[in-house]
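Numbering (the working numbering), first residue to last: 5 to 68. All C-beta atoms, glycine included, are put in the ideal place defined by N, C-alpha and C. Right, one structure below, let's go through it.
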């Protein structure tokens with residue numbers, strides 16, 4: 005599925021379906037809800053950079 009198809013599919017989902025999909029993907033990647041830094045605001049560029057870095061180093065996502 006290409007990016008355009010994924011975007012169209014995502015936009016056609018209900019809010020609850022989107023939320024479930026996002027939570028499922030977070031769980032697959034080992035990200036817990038609320039695992040960020042308290043009182044920290046993230047801009048989009050910073051978030052994408054952190055995700056990219058985490059994808060390059062899978063050991064960063066592993067729980068010990």
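C-alpha gap between residue i and residue j, whole angstroms
i, j, result
"residue 34", "residue 26", "12 Å"
"residue 17", "residue 42", "30 Å"
"residue 72", "residue 38", "With the chain covering only 5 through 68, there is no way to say anything about residue 72."
"residue 7", "residue 13", "10 Å"
"residue 50", "residue 22", "22 Å"
Residue span of the alpha helix (DSSP H) that contains residue i, given as start and end
i, result
"residue 33", "First-last for residue 33: undefined, no H or E at that position."
"residue 46", "It is not in any alpha helix (DSSP H) - residue 46 carries neither H nor E in the DSSP assignment."
"residue 61", "Run containing residue 61: none; DSSP gives neither H nor E here."
"residue 16", "7-16"
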